[in-house]
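S.K.: Following this message is one structure expressed as structure tokens.
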Amino acid sequence: MYTLLPLALACSPEASDAAPGDSAGAPEISGGAEADVLFDVDVLHELEVTVAPEDWEVLRQQERTIYDLLGDDCLTGPWGSPYDWFSAEATFDGEELGAVGVRKKGFFGSLSDTRPSLKLDVDREVPDQRFHGLEKLTFNNGNQDPGRLRTCLAHQWFADAGLVAPRCALVHVVVNGEDLGVYAHTETLDEELVGRQLGARPAEMYEGALSDFNDELLVTFEFETDSSDGTAIAAIAAALDGDDDGLLARLRPVLDLDAFITFWAAESIAGHWDGYNGNTNNFYVYTDPHTGLARFMASGPDSAFDSRTPFGYGRPPWIVTSSELSSRIWATEEGEARYLAEVERLLDEAWNGDERVAQAEEWATLVKRVDTAEMRAGMAETREVLATKEADLRANIGGRFEQLPLRGSICWRPAGTVWVEFATTWGTYPNGDVFGGGEAEVAYEIDGVAYPSSQDGVTAGYADDTTALWLTISEIAPETWIAPYVTFDANLVEDGAVLPIDGRSATAALLYLSPDTGGQWQTAAYLAGGSLTLDVASTERGAEWRGVLSTDVMGQ
1 MYTLLPLALA
11 CSPEASDAAP
21 GDSAGAPEIS
31 GGAEADVLFD
41 VDVLHELEVT
51 VAPEDWEVLR
61 QQERTIYDLL
71 GDDCLTGPWG
81 SPYDWFSAEA
91 TFDGEELGAV
101 GVRKKGFFGS
111 LSDTRPSLKL
121 DVDREVPDQR
131 FHGLEKLTFN
141 NGNQDPGRLR
151 TCLAHQWFAD
161 AGLVAPRCAL
171 VHVVVNGEDL
181 GVYAHTETLD
191 EELVGRQLGA
201 RPAEMYEGAL
211 SDFNDELLVT
221 FEFETDSSDG
231 TAIAAIAAAL
241 DGDDDGLLAR
251 LRPVLDLDAF
261 ITFWAAESIA
271 GHWDGYNGNT
281 NNFYVYTDPH
291 TGLARFMASG
301 PDSAFDSRTP
311 FGYGRPPWIV
321 TSSELSSRIW
331 ATEEGEARYL
341 AEVERLLDEA
351 WNGDERVAQA
361 EEWATLVKRV
371 DTAEMRAGMA
381 ETREVLATKE
391 ADLRANIGGR
401 FEQLPLRGSI
411 CWRPAGTVWV
421 EFATTWGTYP
431 NGDVFGGGEA
441 EVAYEIDGVA
451 YPSSQDGVTA
461 GYADDTTALW
471 LTISEIAPET
481 WIAPYVTFDA
491 NLVEDGAVLP
501 IDGRSATAAL
511 LYLSPDTGGQ
521 WQTAAYLAGG
531 SLTLDVASTE
541 RGAEWRGVLS
551 TDVMGQ
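In terms of the working numbering, the sequence shown is numbered consecutively and its last residue is 556.
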């Protein structure tokens, strides 16, 4: 089967007059103490945004699909942004910001068309306008956190570990009178943030999203400053290009090794499986303005503190090594010893689980007037993870573990074809007989092997706001089944419609069911290219459906 990505204390040096990147005449860094009131953790802040209804409809629907990431343009450069700016008015805690720009934000896992993460640009409509010294405001939806507390809890932890981290507070968001619930108001991660905390802006800064320091993924780093030219990230990649014996010596002139080991240990302690060391995702690299060495900053940590086994059942919670740097450093005797010592030191000097549980409880009380049953259950789970974190870690530190393989090729390649001519009726999904309903002729081929259909099972109907189509079920091994599953826009359904399998008009996957899946259908591979042709189709219950699915199976 073809699988896809789980779509899974270094003190700052004193300022120096000769600091790299601290050029004479640089603009003053604003947004320091004057912005503290916006990040008061003892307040549930209130954000109200007013935007033209037609613009809001476009904004919330803009997206980046798995097809955009891994399809035809995969690894041709940084991922780019699919989001447009729109004019808006906003108030924060009753204080008017005036005219601002607003856009959706998020890479993939945080995307939502009902509660989109938002970025406000304070000077987009009014040049040089600032709000308490800030040019941009960032509001994260915590899509992977039902309790909505983990983003701020994680950023607080990274700061306590001695790393550069954004200020973060909880905010209640309302757009055009619609209550969107609790978000994390996160200080925007940019060169200004680094400059405020270190006293000077970094010369180079890069955002990493499914990025790493190898030939394939180096191209995906997003350049975040005008002076970024790729030097810092290329230097790390070059240092990794050699044997383990001289690795640390090659890294020291280009990477703040102490700071990286702290960052790595802090990510592991937080269980940040969707960060750099767990998923080569959600991180920034910047050059320290005083030393010129590369350092790391975590981002998007709403998946932190989500489980007592964050890196998978049976895998220890004290270490994750799914990045080029962590896996290579761990392979050295000195790197292993320093990492273990840093985990112990952070637990001894920085963790204090009681205080973190107390903070989570205070925030749970703070959001009580706007919480939901789902939020309350999520907050309870987060508090349990925080309360047991230190004991779970200390019970395992230094034990044996199996290193996960590094990320392989992420781009899709055609690995087979699916062709299904089908007939069914509308309304049979989701309660129809997927193992015996409808009629179909089938041709499956995966890696040159043909798989005949063993049972026809075709159903069609609504799945949330989209339509869904289950197609023929095929047994490819004893008790192992595959089936195409297609979702598409109900508004496109009509006789003669041809829907491209592109992640927008239609999305398709090849699912499988086996004893190993515990009775649950799971994704074996995505289907892409080709089309779903609806010869006869209607969303009236009992209507006849006839058509053809012709598409490619995508592997990696």
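Backbone N, C-alpha and C fix where the C-beta goes; we use that ideal spot for every residue, glycine too.
My assumption, with CB atoms under 8 Å, is that residue 302 sits in contact with residue 145. Please give the rounded CB distance.
M.R.: For the purposes of this step, residue 302 is identified with residue 302 of the sequence shown, where counting begins at 1. For the purposes of this step, residue 145 is identified with residue 145 of the sequence shown, where counting begins at 1. That belief holds up - the Cβ atoms of residue 302 and residue 145 are roughly 4 Å apart, short of 8 Å.
S.K.: If you drop the 5 nearest sequence neighbours on each side, which residues of the same chain put their C-beta closer than 8 Å to that of residue 451?
M.R.: Here the question's residue 451 lines up with position 451 in the sequence shown. If you ignore the 5 residues before and after residue 451, its C-beta comes within less than 8 Å of the C-beta of 444, 445, 474, 476 and 482, all in its own chain and listed in chain order.
S.K.: Check the C-beta distance from residue 266 over to residue 419 and give it rounded, since I have them as a contact under 8 Å.
M.R.: The residue labelled residue 266 in the question sits at position 266 within the sequence shown. The residue labelled residue 419 in the question sits at position 419 within the sequence shown. Not confirmed; about 50 Å, so no contact.
S.K.: Distance check for residue 127 and residue 554, CA to CA, integer angstroms please.
M.R.: One-based indexing of the sequence shown puts residue 554 at position 554. One-based indexing of the sequence shown puts residue 127 at position 127. Rounded to whole angstroms, residue 554 to residue 127 spans 47 Å at the Cα level.
S.K.: For the segment 193-205 against the segment 51-66, are there 3 or more C-beta pairs whose distance is under 8 Å?
M.R.: no
S.K.: Ordered along the chain, which non-local residues of its own chain (more than five positions away) have a Cβ less than 6 Å from that of residue 389?
M.R.: Residue numbering aside, residue 389 sits at position 389 when the sequence shown is read from its first letter. The residues are 353.
S.K.: Consult DSSP for residue 52 and reduce its assignment to one of helix, strand or coil.
M.R.: Along the sequence shown, one-based indexing puts residue 52 at 52. Residue 52: coil per DSSP, three-state reduction.
S.K.: Are the CB atoms of residue 285 and residue 233 nearer to each other than 9 Å?
M.R.: Counted from its first residue, the sequence shown places residue 285 at position 285. Counted from its first residue, the sequence shown places residue 233 at position 233. Yes. Within cutoff.
S.K.: Between residue 557 and residue 485, how many whole angstroms is the CB-CB distance? I'm expecting something under 8 Å.
M.R.: Only positions 1 to 556 of the chain appear in the structure, and residue 557 is not among them; the question remains open.
S.K.: Tell me, to the nearest whole angstrom, how far the beta carbon of residue 201 is from that of residue 29; I am working on the premise that it is less than 8 Å.
M.R.: Walking along the sequence shown from the start, residue 201 turns up at place 201. Walking along the sequence shown from the start, residue 29 turns up at place 29. Right, the Cβ-Cβ distance comes to about 7 Å (below 8 Å), so this counts as a contact.
S.K.: Should residue 283 and residue 382 be called a contact, given that it needs their Cβ atoms to be closer than 9 Å?
M.R.: On the sequence shown, residue 283 is found 283 positions in, with the first residue counted as 1. On the sequence shown, residue 382 is found 382 positions in, with the first residue counted as 1. For residue 283 and residue 382, no; Cβs fall outside 9 Å.
S.K.: Secondary structure at residue 546, three-state DSSP: helix, strand or coil?
M.R.: Start at 1 with the first residue of the sequence shown, and residue 546 comes out as number 546. Strand, per DSSP.
S.K.: Taking the DSSP output, what are the residues bridged to residue 414?
M.R.: Start at 1 with the first residue of the sequence shown, and residue 414 comes out as number 414. DSSP, once it has assigned bridges, lists 554 as partnering residue 414.
S.K.: Within 10 angstroms of its Cβ, does residue 191 collect 16 or more other Cβ (buried), or is it exposed?
M.R.: As a working mapping, residue 191 is identified with position 191 in the sequence shown. So residue 191 counts as buried.
S.K.: In the DSSP assignment, what are the bridge partners of residue 522?
M.R.: The residue labelled residue 522 in the question sits at position 522 within the sequence shown. Answer by DSSP bridge pairing, in chain order: 512.
S.K.: If I measure Cβ to Cβ from residue 480 and keep anything under 6 Å in the same chain, skipping five residues before and after, which residues do I get?
M.R.: Taking the sequence shown and counting its residues from 1, one reaches residue 480 at position 480. Result list for residue 480: 514, in chain order.
S.K.: With a threshold of 7 Å on Cβ separation, who are the neighbours of residue 433 within its own chain once the five nearest residues in sequence on each side are excluded?
M.R.: Here residue 433 is taken as the residue at index 433 of the sequence shown, counted from 1. Listed in chain order, the non-local C-beta contacts of residue 433 below 7 Å within the same chain comprise 457, local neighbours out to five positions each way being set aside.
S.K.: Is the beta carbon of residue 140 sitting closer than 9 Å to the one on residue 109?
M.R.: The residue you call residue 140 lines up with position 140 of the sequence shown. The residue you call residue 109 lines up with position 109 of the sequence shown. No, the Cβ-Cβ distance between residue 140 and residue 109 is not below 9 Å.
S.K.: Using the Cα positions of residue 424 and residue 448, report the straight-line distance between them to the nearest angstrom.
M.R.: Stepping through the sequence shown from its first residue, residue 424 is reached at position 424. Stepping through the sequence shown from its first residue, residue 448 is reached at position 448. Between residue 424 and residue 448, the C-alpha separation is close to 29 Å.
S.K.: Check each candidate in 369, 213, 134 and 503 and name the one with the smallest Cα separation from residue 526.
M.R.: Taking the sequence shown and counting its residues from 1, the one referred to as residue 526 is at position 526. Residue 503 holds the alpha-carbon nearest to the alpha-carbon of residue 526 among 369, 213, 134 and 503.
S.K.: Residue 370 and residue 179: beta carbons closer than 9 Å?
M.R.: As a first step, residue 370 must be located in the sequence shown, where it is residue number 370. As a first step, residue 179 must be located in the sequence shown, where it is residue number 179. Against a cut-off of 9 Å, the Cβ pair of residue 179 and residue 370 comes out as a contact.
S.K.: Cα-Cα, which of 529, 506 and 335 is closest to residue 417?
M.R.: Your numbering for residue 417 matches position 417 in the sequence shown. When each option's Cα is compared against that of residue 417, the closest is 529.
S.K.: So if DSSP puts residue 290 in a beta bridge, which residue, or which two residues, is it bridged to?
M.R.: One-based indexing of the sequence shown puts residue 290 at position 290. Partner(s): none; residue 290 has no beta bridge.
S.K.: If I'm right that residue 297 touches residue 189 with Cβ under 8 Å, what's the distance once you round it to whole angstroms?
M.R.: Counting from one through the sequence shown, the residue named residue 297 turns up at place 297. Counting from one through the sequence shown, the residue named residue 189 turns up at place 189. Going by Cβ atoms, the distance from residue 297 to residue 189 rounds to 7 Å, so yes, they are a contact pair.
S.K.: Tell me whether residue 24 sits in a helix, a strand or coil according to DSSP, three-state version.
M.R.: The residue you call residue 24 lines up with position 24 of the sequence shown. For residue 24, the predicted structure reports a pLDDT of 43, less than 50, and the residue's modelled location is therefore unreliable. A value from the coordinates is still provided. Correct three-state label for residue 24: coil.
S.K.: With a 10 Å radius around its C-beta and 16 neighbouring C-beta atoms as the bar for buried, classify residue 431 as buried or exposed.
M.R.: In the sequence shown, the residue the question calls residue 431 occupies position 431. Exposed, by the Cβ-count rule.
S.K.: Taking residue 488 as part of the beta strand (DSSP E), name the residues at either end of that continuous run.
M.R.: Position 488 of the sequence shown, counted from the first residue, corresponds to residue 488. Element bounds for residue 488: 480-489.
S.K.: Just the C-alpha distance for residue 351 and residue 329, rounded to the nearest angstrom, thanks.
M.R.: As a first step, residue 351 is located in the sequence shown; it is residue number 351 there, counting from the start. As a first step, residue 329 is located in the sequence shown; it is residue number 329 there, counting from the start. Approximately 24 Å, taken between the alpha carbons.
S.K.: With a threshold of 6 Å on Cβ separation, who are the neighbours of residue 117 within its own chain once the five nearest residues in sequence on each side are excluded?
M.R.: To locate residue 117, count along the sequence shown from 1; it is residue 117. Same-chain partners within the cutoff: 105, 106, 110, 140 and 141.
S.K.: Is residue 493 near the ligand SAH - that is, is its Cβ less than 8 Å away from at least one heavy atom of it?
M.R.: Only the bare structure without any ligand can be found here, which leaves the ligand SAH out of the picture.
S.K.: Applying the criterion that 16 or more other CB atoms from any shown protein chain within 10 Å of the CB defines a buried residue, is residue 299 buried or exposed?
M.R.: One-based indexing of the sequence shown puts residue 299 at position 299. With 16 or more Cβ atoms within 10 Å of its Cβ, residue 299 is classed as buried.
S.K.: Let me know the secondary structure DSSP gives residue 429 once reduced to three states.
M.R.: For this step, residue 429 is matched to residue 429 along the sequence shown. In this structure, residue 429 counts as coil in the three-state DSSP scheme.
S.K.: Given residue 548, which residues of its chain have a CB within under 6 Å of its CB, disregarding the five upstream and five downstream residues?
M.R.: Residue numbering aside, residue 548 sits at position 548 when the sequence shown is read from its first letter. Excluding residues within five positions, the ones whose Cβ falls inside 6 Å are 421 and 533.
S.K.: Quick one: complete beta strand (DSSP E) runs, 3+ long, within the segment 42-107?
M.R.: Taken in chain order, the unbroken stretches of beta strand (DSSP E) that lie wholly in the segment 42-107 and span 3 residues or more are 45-51, 86-92 and 95-105.
S.K.: By Cβ distance, which residues of its chain are closer than 7 Å to residue 71, with the 5 residues on each side in sequence left out?
M.R.: Residue numbering aside, residue 71 sits at position 71 when the sequence shown is read from its first letter. So the list reads 412 and 528, once near-sequence residues are dropped.
S.K.: May I have a chain-ordered list of the alpha helix (DSSP H) segments no shorter than 4 residues that lie completely inside the segment 315-349?
M.R.: 324-330 and 333-346
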